[in-house]
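Protein chains in written order, with this note's numbering: chain E, 1 to 325; chain W, 326 to 609.
This is how it looks when you write it as structure tokens:
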């Protein structure tokens, strides 16, 4: 089993009535990777994750998770995956530890390991001190952490996180990411997640951009951003006018003053900076190079920003709702 | 912090695993019950009211026609059933609650059979309802029911059986329900007529024939009657009064024996359980 892909998807399709939620997608996720599904709400992310987790049957195509077919070997798949849903699925009336014990029994974790493993996963998300507190007293971020711990309890090969930080404040979001990165180092696990936050996609080894039920592109965030093309370089000099003139003459670049700095775009900024210093012929007091953001990437592949795409989807569903009345 | 992760190998599915699932679902049911004092008290209020207020009131009205027995003693088995039925239904209703709050999903995505989860739920509900019934059992002395060990054990077993069947019935109803309001609405609609027609509140002797038919087809009749026969077998009641208050259930003039009544309740419980499991399999 070792070395085989963690997730493998071939021509996977799902239709609801006439609506094609997922239109025949293909991809593979090697073991150990953090793989992200990036797309606006309604793009088919949750439908895909539900098919991979055996919660929804595909209309066509096939998929294997941890080497098991999601349709024919449902229980095998379930044994080997951990799930964290968008909405909490904890029992608020039980304590944190009781929730995990329930999970351990349900997943048949060997009895001798239950106590130690619960302690380990709870320490990983820094909730061991709160193990006896009822879950209903937890904040949204604590609940999410507890769910991540629970998802890991039975040592799954693949952990599915559906929008793991949606609805959380920025501080809590970054804390959650801290825990996810820590668990990557501790556990031998593949992480498959969906998000519509651009900044979170940065944490992934590879991302697939999904739009209208189709995968538009799959690559590492770095490669995707490089694919967009140019980096943005900003320099500070004693004489901005002369600097702009010099950039035009010596490098053939169009520059302008933005945010109080001389700004221009070049294909690979970091490699350009040494040449700039050598050949510009005037002192530079500071320089900054910034990569294109994933927003730029999303824009260049789908023709709209993710916010516009979501606003569009919302409008569409609003209009549908109105039409039904 | 220990750097070495504890690797868990989850074993393939087997009977042992399903048994653990049954046990943990049952265990949760008990934890939830023990933690919820309000529910414990509220499901006792109705039967206690019926027994001590309605029972006393009606008792003074009929005292002359039933010499040698307190009317509340007659009502007692009915109120045990009522307690058990209310509590069992509440337990079943928590499935709807779990669905609303997401926890049902945690159970349904686990690599265990739906059957194990439903059986655990029904056994848990039955156990909790029996525990609740024990409180009423303890009040027996106040209404003239002797604390004979044999009687107590018989009632306990019959309570558990009735509780299991009613929880299975509730689970079957809850399998499709999306919100608590509609479940409790449906529950009230189902329970009230079943209570009224079971002989829990008034004797089934000398009823008009249309009413008699309804009581005979009401499954709850067969849960209440064995308890009443058990209580009356430990009392010294004049024959005439016994015939009036404890007539048993008759099919075409023949009295249905207690083992058959209990068998019917058990068979119905298993049948409802099966339907419940099938519904959960399909709902996926």
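The beta carbon of each residue, even a glycine, is placed where N, CA and C say it ideally should be.
| Query | Result |
| --- | --- |
| What whole-angstrom Cβ distance do residue 216 of chain E and residue 264 of chain E have, given they're in contact under 8 Å? | About 29 Å; that fails the 8 Å criterion. |
| Closer than 8 Å between beta carbons: that is the criterion. Which residues of the region 97 to 126 of chain E meet it against chain W? | 98, 101, 102, 103, 105, 106, 107, 108, 109, 110, 113, 116, 117, 120 and 123 |
| Cβ atoms of residue 25 of chain E and residue 147 of chain E: under 8 Å apart, would you say? | no |
| If we count the other Cβ atoms within 10 Å of its Cβ and call it buried at 16 or more, is residue 165 of chain E buried or exposed? | buried |
| Less than 8 Å between CB atoms is the rule here; does residue 89 of chain E satisfy it with respect to chain W? | yes |
| With the cut-off set at 8 Å, would you say residue 483 of chain W and residue 552 of chain W are in Cβ contact? | yes |
| How would you list, in chain order, the residues of chain W whose beta-carbon sits under 7 Å from the beta-carbon of residue 93 of chain E? | 357 and 360 |
| Please check the pair residue 530 of chain W and residue 568 of chain W, which I expect to be a contact at CB under 8 Å, by giving their CB distance rounded to whole angstroms. | 7 Å |
| Taking just the CA atoms, how far does residue 302 of chain E sit from residue 254 of chain E? | 27 Å |
| At the 8 Å Cβ level, is residue 145 of chain E part of the contact set with chain W, yes or no? | no |
| Could you list which residues in chain W have their beta carbon closer than 8 Å to that of residue 85 of chain E, in chain order? | 427 and 430 |
| Where does residue 236 of chain E fall in DSSP's three states? | strand |
| Would a check of beta-carbon distances place residue 331 of chain W closer than 8 Å to chain E? | yes |
| With a Cβ-Cβ cutoff of 8 Å, do residue 67 of chain E and residue 4 of chain E count as a contact? | yes |
| At a CB distance below 8 Å, what residues from the region 153 to 177 of chain E approach chain W? Give them in sequence order. | 153, 154 and 155 |
| Here's the rule I'm using: 16 or more other beta-carbon atoms within 10 Å means buried, otherwise exposed. How should residue 136 of chain E be labelled? | exposed |
| Taking Cβ-Cβ distances shorter than 8 Å, what residues in chain W pair up with residue 78 of chain E? | 434, 435 and 436 |
| Measure the alpha-carbon distance for residue 277 of chain E versus residue 176 of chain E and round it to whole angstroms. | 41 Å |
| Identify the continuous beta strand (DSSP E) that holds residue 60 of chain E and give its terminal residues. | 60 to 65 |
| At 9 Å on the CB atoms, spell out the chain B contacts of residue 335 of chain W, in chain order. | Absent from the structure: chain B. Protein chains present are E and W. |
| Excluding the 5 residues flanking residue 142 of chain E on each side, which residues of the same chain have their C-beta closer than 8 Å to its C-beta? | 127 and 130 |
| Does any C-beta atom of chain W lie closer than 8 Å to the C-beta of residue 204 of chain E? | no |
| Measure the C-alpha to C-alpha separation of residue 418 of chain W and residue 356 of chain W and round it to an integer number of angstroms. | 16 Å |
| Between the region 22 to 56 of chain E and chain W, which residues of the former have CB atoms less than 9 Å from a CB of the latter, in chain order? | 53, 54 and 55 |
| Taking Cβ positions, are residue 117 of chain E and residue 109 of chain E nearer each other than 8 Å? | yes |
| Could you check whether residue 443 of chain W and residue 601 of chain W sit closer than 8 Å to each other, using their CB atoms as the reference points? | yes |
| By the three-class DSSP mapping on this structure, what secondary structure does residue 37 of chain E have? | strand |
| Can you check whether the CB of residue 549 of chain W is closer than 8 Å to the CB of residue 368 of chain W? | no |
| Which residues does DSSP pair with residue 190 of chain E in a beta bridge? | E/158 |
| Taking 8 Å as the threshold (C-beta atoms), are residue 160 of chain E and residue 82 of chain E in contact? | yes |
| Should residue 258 of chain E go down as buried or exposed, given a rule of 16 or more other Cβ atoms within 10 Å for buried? | exposed |
| Can the beta-carbon of residue 282 of chain E be found closer than 8 Å to that of residue 226 of chain E? | no |
| In the region 439 to 452 of chain W, which residues sit with their C-beta less than 8 Å from some C-beta in chain E, listed in chain order? | none |
| Quick one: complete alpha helix (DSSP H) runs, 4+ long, within the region 480 to 537 of chain W? | 505 to 521 |
| If the cut is a Cβ gap below 7 Å, which residues of chain E does residue 345 of chain W touch? | 105 and 108 |
| Out of E/123, E/296 and E/98, state which residue places its alpha-carbon closest to the alpha-carbon of residue 223 of chain E. | E/296 |
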